[in-house]
Structure formats: structure tokens, C-alpha cells
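**Student:** When the count follows numbering that gives the first Met the number 0, it moves up by one through the sequence shown with no breaks and lands on 372 for the last residue.
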Amino acid sequence: MNNFIPFSRPSIDEATIASVAEVLRSGWITTGPKVQEFEQRLSAYFGGRTVRTFNSGTCTMEIALRIAGIGAGDEVITTPISWVATANVILEVGATPVFADIDPLSRNIDLDKLEAAITPKTRAIIPVYLAGRPLDMDRLYRLAAQYNLRVIEDAAQAIGSSWAGKPIGSFGDFVSFSFQANKNITTSEGGCLVLNNLEEAQLAEKYRLQGVSRSGWDGIEVDVLGGKYNMTDIAAAIGLGQFAKLEAITAKRRRLAQHYFEVLGADFEVATGAQLPLQDFNNTNWHLFQVVLPERITRAEFMEKMKARNIGIGFHYAAIPLFKLYRALGFHEGMYPVAERVGRQIVSLPMFYDLKETEVERACKAMIEVLEK
Ligand SMILES: *Cc1c(COP(=O)(O)O)cnc(C)c1O
0 MNNFIPFSRP
10 SIDEATIASV
20 AEVLRSGWIT
30 TGPKVQEFEQ
40 RLSAYFGGRT
50 VRTFNSGTCT
60 MEIALRIAGI
70 GAGDEVITTP
80 ISWVATANVI
90 LEVGATPVFA
100 DIDPLSRNID
110 LDKLEAAITP
120 KTRAIIPVYL
130 AGRPLDMDRL
140 YRLAAQYNLR
150 VIEDAAQAIG
160 SSWAGKPIGS
170 FGDFVSFSFQ
180 ANKNITTSEG
190 GCLVLNNLEE
200 AQLAEKYRLQ
210 GVSRSGWDGI
220 EVDVLGGKYN
230 MTDIAAAIGL
240 GQFAKLEAIT
250 AKRRRLAQHY
260 FEVLGADFEV
270 ATGAQLPLQD
280 FNNTNWHLFQ
290 VVLPERITRA
300 EFMEKMKARN
310 IGIGFHYAAI
320 PLFKLYRALG
330 FHEGMYPVAE
340 RVGRQIVSLP
350 MFYDLKETEV
360 ERACKAMIEV
370 LEK
């Protein structure tokens, strides 16, 4: 389509493409020196914490749950508004997902409701930083300490975000990131997990590759059931090229978010009944710029009308408990009213590194036309 602005688009520079070609010509294209270098760079960024890479951001969370020993009979609390991966990993390890409704302004899990959902069976919490917006991290870890819970941070969208001047991932318990194609930095598909010590890292390495560990000078041993989750050097080469630009990427996204607010103006919410995100240009990496639509327009109608104006719209996310798989477990309408409303009406406007300010202006103009009462 002519002049179409997608909601997201990866930007891979020529130096990165050249480094991928170099890997392809090297004779070693699976896990190797590039993965090791990528893990070292990430570790340095996360304040020297232990980091391992994987082939998705989903398996990192599943592996963190396994390392924490969470399984059948254990409850894990998470948010109803996330990519379904967040809850699926809880089922994958045989544990029971428990949802706590979201805060309507941050659209992240409401920590009061999270605390109210804690039972004697609760073993862990998986907070999600929607659009890259962190929670109140001090309160989150106070709750975890008070109730003796493990935390698996689903920071899939939060690379480059920070709290009190510290990068998300540089503190806390397990922290999981995704490098899927639409994320702020990508490896096409991939992820990494920040761990607490080498013992956990060794377990993560086993879960990453069939449970295999070295035994003696010439043998291997298998003592846990692992899967096949290793990152390739091809992916790591993309990641290294992207990671070098993380600061620039985050700064650009913050500028674009600021531009959205400037162009939409102070009266946009009153004039349209739509709800903008909270303004935060210090902590949030602006992975997404999300608007909750007024009830008088359906999301499908909005997306159709924006598409007719050459603007691509994303949809992140439907309320997880209302999917068939979760309804079959007993979840139903009315349990999480805020998440249900937001899950029906939330849309993501164009937001990516190469997006131009003039394109932000076009997206705003189109949205104002479509939403004007
Ligand atoms: C992208 C994403 C995931 C999953 O990451 P993959 O790398 O696609 O497995 C999980 N949670 C959230 C919130 C995400 O945005």
C-alpha cells in the first residue's frame, strides 16, 4: 500500500547485516562465540548480573519457573493483560495461574489486587511491564519479600526501561526479556534471562539443551529433562548490532512519544473520550504507544478506518482469562472488569525507531478524524 505506516517495523543497519553475513560464511552458524559475546554485553549492561540467552522470551520464563521449582499445586499470580505467553508458561510447568486485575491508568497489574490474591499456595508472581512501563519496583519487591515469593519479571517489552536510574534487569530476581521481531531490540526471535547466580545459570543451560551437562573429561550426563532452546550465532550477531544502538533507540522512542502528546494536545481525551498512556519520559522505553478507545467505537471499526487512512494499528492485548483455553479452567466475564474493558478497547499506534515525526503527525490527524464525536 502506498505511504502505509505500519505499527511496528524492525530497523537493522548495514553493519549488522554484514556481521550476519560474516557468521554465515564462518563455518559456525549455531551457538558459539557470538552468543557468548552477546551474553557478556548484556551482563555488563545489567550491572554484571548473570545472563543466558535463549531462542524466545517465552522459554526464558518457563525455564525460570522450573529453576524456581514451581509446578503442580503451586499458584502463580500474573496480569490478565499481556501476551498469552505470560500465562501459558504457568500452565506449561503444571502450576495454577491466578490473575489480579490491572490498574486502569498504567494498565499494569494492580499491586493492591495482587496482594489480595496471595494465598498459602502462592509461590511466585510474574509482573508484566506493558509497553515497557515498570511497576512500582520497590513495592513489588517488598511484597515478594514479605510473602516469600519468587519473582519472574516478564520484561519482554522493557529492555532500556529503568527504575530509579537503574536499568530494568540490573536488580531483582529473575528478569526475562524478548528479542522477538517487534521488540525494541531484536534477534528476529530470541530472549534472555537475568539470573541470580552461577548455580541457576548452570541449571538454565541444562534446561536450554536437553538437560545435558559435561561429566568427566570426555563424557556427558543427563539428569534433568531439558528442551531445545539455544540461540544461534546468526541471531546473536543481529542482537549485538541492535544492542549497540539501545540508548539511541530508547531516546528516539521517548521523543516520538512526547511528540504524540504534543500533537494530540491537552484536550484530546476530553474531545474524544479516548484514554492516552501515562506520560513518563524517564522510566518507560515506549515499546508501544497505546490508546484505550471510547466505548462508542469498536476496535475493529477503528482499525479499519485507520487502515483506510494508511495507518497500521496493533492490538496488545486481549484479556487472557477470556480465551477458550482459560475459560475451560473456570475463568469468565466479570472477574477482571478493568482488564476486560481495556482488553476490548486498547490499540497500539505506530511506534518504531525509524518512525518520523511527520508520520506521528499523520497518525494523530487520522486518529482525531476517526474519533471526533
Ligand atoms: C513478546 C512478549 C512475550 C514473548 O516473547 P517471545 O520472544 O515472542 O517468546 C512475552 N510477554 C510479553 C509481554 C511480550 O511482549
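A virtual CB, placed ideally from N, CA and C, is assigned to each residue, including glycine.
As a quick exercise: from 315, 347, 288, 33, pick the residue whose alpha carbon is nearest that of residue 85.
**Tutor:** Numbered from its first residue, the sequence shown carries residue 85 at position 86. Comparing Cα-Cα distances from residue 85 to each of 315, 347, 288, 33, the minimum goes to 315.
**Student:** Comparing alpha-carbon positions, which option in 153, 147, 335, 209 lies nearest residue 132?
**Tutor:** On the sequence shown, residue 132 is found 133 positions in, with the first residue counted as 1. Checked all of 153, 147, 335, 209; the closest Cα to residue 132 is 153.
**Student:** From the DSSP secondary-structure annotation, give me the bridge partner or partners of residue 39.
**Tutor:** Within the sequence shown, numbered from 1, the residue matching residue 39 stands at position 40. Answer is none; residue 39 lacks a bridge partner.
**Student:** Within 8 angstroms, do at least three Cβ pairs link the region 355-362 to the region 101-114?
**Tutor:** Contact between the region 101-114 and the region 355-362 is absent, because fewer than three Cβ pairs lie under 8 angstroms.
**Student:** Residue 227: beta carbon under 7 angstroms from a heavy atom of ligand 1?
**Tutor:** Residue numbering aside, residue 227 sits at position 228 when the sequence shown is read from its first letter. Distances between the C-beta of residue 227 and the heavy atoms of ligand 1 are all 7 angstroms or more.
**Student:** How long is the line joining the alpha carbons of residue 317 and residue 222, rounded to whole angstroms?
**Tutor:** The count along the sequence shown starts at 1 and reaches residue 317 at position 318. The count along the sequence shown starts at 1 and reaches residue 222 at position 223. Roughly 39 angstroms separates the two Cα atoms.
**Student:** State yes or no: is the C-beta of residue 82 nearer than 7 angstroms to some heavy atom of ligand 1?
**Tutor:** Working through the sequence shown from its first residue, we reach residue 82 at position 83. Yes, since a heavy atom of ligand 1 falls inside the 7 angstroms radius drawn around the Cβ of residue 82.
**Student:** Suppose you measure from the CA of residue 276 to the CA of residue 61; what does that come to, to the nearest Å?
**Tutor:** Indexing the sequence shown from 1 puts residue 276 at position 277. Indexing the sequence shown from 1 puts residue 61 at position 62. Cα to Cα, residue 276 sits roughly 30 angstroms from residue 61.
**Student:** Does the contact criterion of 3 or more C-beta pairs under 8 angstroms hold for the region 332-346 versus the region 289-303?
**Tutor:** Enough Cβ pairs lie closer than 8 angstroms, so yes.
**Student:** Are the CB atoms of residue 30 and residue 229 nearer to each other than 8 angstroms?
**Tutor:** Numbered from its first residue, the sequence shown carries residue 30 at position 31. Numbered from its first residue, the sequence shown carries residue 229 at position 230. Yes, Cβ-Cβ distance for residue 30 and residue 229 is below 8 angstroms.
**Student:** Mapping DSSP to helix, strand and coil, what is residue 166?
**Tutor:** Within the sequence shown, numbered from 1, the residue matching residue 166 stands at position 167. Here residue 166 sits in strand by DSSP.
**Student:** Using the DSSP secondary-structure output, state which residues sit across from residue 227 in a beta bridge.
**Tutor:** For this step, residue 227 is matched to residue 228 along the sequence shown. Checking the DSSP bridge columns, you'll see residue 227 partnered with 208.
**Student:** I need the DSSP call for residue 232, collapsed to helix, strand or coil.
**Tutor:** Looking up residue 232 in the sequence shown gives position 233. Residue state, collapsed to three classes: helix.
**Student:** Could you check whether residue 10 and residue 259 sit closer than 8 angstroms to each other, using their CB atoms as the reference points?
**Tutor:** Here residue 259 is taken as the residue at index 260 of the sequence shown, counted from 1. Here residue 10 is taken as the residue at index 11 of the sequence shown, counted from 1. No, they are not a contact pair.
**Student:** Could you say which of 151, 24, 26, 18 lies nearest to residue 37 if we only look at CA atoms?
**Tutor:** Here residue 37 refers to the residue found at position 38 when the sequence shown is read from its first residue. Closest by alpha carbon: 18.
**Student:** Could you work out which residue in 122, 81, 55, 332 is closest to residue 66 when comparing CA atoms only?
**Tutor:** Here the question's residue 66 lines up with position 67 in the sequence shown. Nearest C-alpha to residue 66: 122.
**Student:** Leaving aside the five residues before and after residue 289 along the sequence, list all residues of the same chain whose C-beta is less than 6 angstroms from its C-beta, in chain order.
**Tutor:** Reading the sequence shown from its first residue, position 290 is the one you call residue 289. Excluding sequence neighbours, residue 289 sits near 130, 276, 345, 347.
**Student:** Any contact between the region 199-216 and the region 231-251? By contact I mean 3 or more CB pairs, one from each, below 8 angstroms.
**Tutor:** no
**Student:** Indicate, with yes or no, if ligand 1 has a heavy atom lying under 7 angstroms from the CB of residue 109.
**Tutor:** Here residue 109 refers to the residue found at position 110 when the sequence shown is read from its first residue. Not under cutoff, so the answer is no.
**Student:** Taking buried to mean at least 16 other C-beta atoms within 10 Å of its own C-beta, is residue 286 buried or exposed?
**Tutor:** Here residue 286 refers to the residue found at position 287 when the sequence shown is read from its first residue. If you draw a 10 Å sphere on the C-beta of residue 286, you find 16 or more other C-beta atoms in it, and that means buried.
**Student:** Would the C-beta of residue 232 count as close to ligand 1, meaning under 7 angstroms from any of its heavy atoms?
**Tutor:** As a working mapping, residue 232 is identified with position 233 in the sequence shown. Residue 232: no, Cβ never under 7 angstroms from ligand 1.
**Student:** With distances taken from CA atoms, which of 117, 207, 162 is nearest residue 189?
**Tutor:** Start at 1 with the first residue of the sequence shown, and residue 189 comes out as number 190. Residue nearest to residue 189 within the set 117, 207, 162 is 207 (criterion: CA-CA distance).
**Student:** At 4 residues or longer, and completely inside the region 72-145: list those alpha helix (DSSP H) runs for me, N to C.
**Tutor:** 84-91, 110-115
**Student:** With DSSP as the reference, label residue 297 as helix, strand or coil.
**Tutor:** Mapped onto the sequence shown, residue 297 falls at position 298. Residue state, collapsed to three classes: coil.
**Student:** How would you label residue 219, buried or exposed, when you count the other beta carbons within 10 angstroms and need 16 or more for buried?
**Tutor:** Translated into the one-based positions of the sequence shown, residue 219 becomes position 220. It is exposed - the Cβ of residue 219 has fewer than 16 other Cβ atoms within 10 Å.
**Student:** Please report the straight-line C-alpha distance between residue 329 and residue 76, rounded to a whole angstrom.
**Tutor:** Counting from one through the sequence shown, the residue named residue 329 turns up at place 330. Counting from one through the sequence shown, the residue named residue 76 turns up at place 77. Using only the alpha carbons, I get a separation of about 16 angstroms.
**Student:** Heavy atom of ligand 1 less than 7 angstroms from the Cβ of residue 161, yes or no?
**Tutor:** Start at 1 with the first residue of the sequence shown, and residue 161 comes out as number 162. False, no ligand heavy atom lies under 7 angstroms from that Cβ.
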